[in-house]
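J.: Protein sequence lines, in the order shown, are assigned to chains A and B. For the first sequence, counting from 1, position 128 maps to 128 in UniProt numbering; every step adds exactly one. For the second sequence, counting from 1, position 70 maps to 70 in UniProt numbering; every step adds exactly one.
Protein chains: 2
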Amino acid sequence: MEERVPIELDSKVAMGLLTHAEYGRVAFVSGGAPVIRPLNHVVFEGRIIVYTQHVSAFAEAVRAQPGLAVAYQADEIEAHSHIGWSVLVDGTATDITGEPGAELLGKRVQSWIDRPLDAVIAIQPAAVTGLRMTIK
Amino acid sequence: MEERVPIELDSKVAMGLLTHAEYGRVAFVSGGAPVIRPLNHVVFEGRIIVYTQHVSAFAEAVRAQPGLAVAYQADEIEAHSHIGWSVLVDGTATDITGEPGAELLGKRVQSWIDRPLDAVIAIQPAAVTGLRMTIK
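#1: In chain order, what residues of the same chain lie with their CB nearer than 8 Å to the CB of Ile-135/A, ignoring the 5 residues before and after it?
#2: Using a Cβ-Cβ distance cut-off of 8 Å, determine whether Leu-73/B contacts chain A.
#3: If we ignore side chains and look at the alpha-carbon of each, how far apart do Phe-28/A and Val-70/A end up?
#4: Please list, in chain order, the chain B residues whose beta carbon lies closer than 8 Å to that of Glu-3/A.
#5: Write down every uninterrupted run of the alpha helix (DSSP H) in the stretch 14 to 87 of chain B whose length is 4 residues or greater and which is fully enclosed by it, in chain order.
#6: Straight-line CA distance for Gly-31/A to Glu-22/A?
#7: Where Val-26/A and Ala-102/B are concerned, what is the direct C-alpha to C-alpha distance, given to the nearest angstrom?
#8: Does the Cβ-Cβ distance between Leu-18/A and Val-120/A come in under 8 Å?
#9: Taking the alpha-carbon of Ser-11/B as reference, which of Val-55/B, Leu-39/B, Gly-46/B and Leu-104/B has the nearest alpha-carbon?
#10: Could you tell me the distance, in whole angstroms, from the CA atom of Arg-115/A to the CA atom of Phe-58/A?
#11: What does the alpha-carbon distance come out to for the pair Thr-94/A and Pro-125/A?
#12: Which class does Gly-98/B belong to by DSSP, given the choice of helix, strand or coil?
#13: Establish whether the CB of His-82/A and some CB of chain B are separated by less than 8 Å.
#14: If we define contact as Cβ-Cβ less than 8 Å, is Leu-117/B a contact residue for chain A?
#15: When you compare the CB of Val-128/B with every CB in chain A, is at least one pair closer than 8 Å?
#16: Do Leu-68/B and Ala-61/B count as a contact pair if the criterion is CB distance below 8 Å?
#17: In angstroms, rounded to a whole number, what distance separates the CA positions of Leu-9/A and Ile-123/A?
#18: Applying the criterion that 16 or more other CB atoms from any shown protein chain within 10 Å of the CB defines a buried residue, is Ala-64/A buried or exposed?
#19: With distance defined between alpha-carbon atoms, name the residue in Lys-107/B, His-54/B and Thr-92/B nearest to Val-35/A.
#20: Does DSSP put Glu-3/A in a helix, a strand or coil?
#21: What does DSSP give as the partner residues of Arg-132/A in its beta bridges?
#22: Rounded to the nearest angstrom, what separates Thr-52/B and Ile-113/A at their Cα positions?
#23: Between Arg-25/B and chain A, is there a C-beta pair that is closer than 8 Å?
#24: According to DSSP, which residues form a beta bridge with Ala-90/B?
#25: To the nearest whole angstrom, what separates the beta carbons of Ala-127/B and Asp-90/B, a pair I think is in contact under 8 Å?
#26: Any beta carbon from chain B within less than 8 Å of Ile-135/A's own beta carbon?
Written out as structure tokens, the structure is:
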């Protein structure tokens, strides 16, 4: 029987995979409770950039607490073989809307849904880990 | 140009999609910080069942606080069209290891990595929302 073997990735390889992914999920704490939201992203100069709405729960939480602690996760798992990778990032999020270049960065983020976006948030990774699933 | 349109799903449809998914991500709060972990699951009698290791961060957090507030997210997005769905669950998690039937339930959960699992955790949904992305 095939045996799937997880291989730990170093943080550079993990960030490389995240760079090629189009979306992930951010988790943060709001009112003491965990919140998780799927988001599109780009990685630019080591930061994870997301483009969202000013009124979104995530943007509101970041504005209420600049440097908000967040976790970010992305994966690509092939449906049948279950081969693929998963990356976990711990970091801090800051609303950079209005900073020079922020809007251009935001526009690099793919948006799958046609709605006006107006908040650019940068996640600065503090720890990046990843697993690749292979078959022995 | 094609325009993707998000359609809100009712909670029954959203739980149905989750039932057919094999994995998702749980978010919880540990030491005040958000933690996110990818997990395989099954849905049984309205609860999301995951099978993990007693020593995992998630199992430890649930044992430290039975009824731990969690968020659970799953999606299936087609890579090229970006058509698909995303489901978000807010709920509470309880370690049910040792309860009658728990081990059998745990064994229903697909495990992609060959490692000994010994903690069965049930997530009771309190709120379930979902979006389906279609093309207009």
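Just so you know, even glycine gets a beta-carbon here, dropped at the ideal spot from N, CA and C. Remember, predicted model here, so these are calculated numbers, not experimental data.
T.: Reading off the structure:
#1: Glu-2, Glu-3, Arg-4, Val-5, Ser-81 and Ile-83
#2: Inspection of the sequence shows that residue 73/B is occupied by Gln rather than by Leu. Chain A contact via Cβ: present.
#3: 5 Å
#4: Asp-114
#5: 57 to 64
#6: 29 Å
#7: 30 Å
#8: no
#9: Gly-46/B
#10: 16 Å
#11: 12 Å
#12: coil
#13: yes
#14: no
#15: no
#16: yes
#17: 20 Å
#18: exposed
#19: Thr-92/B
#20: coil
#21: Ile-7/A and Trp-85/A
#22: 35 Å
#23: yes
#24: The sequence shown places Asp at residue 90/B, not Ala. In DSSP, Asp-90/B forms a bridge with Ala-71/B and Ala-127/B.
#25: 5 Å
#26: no
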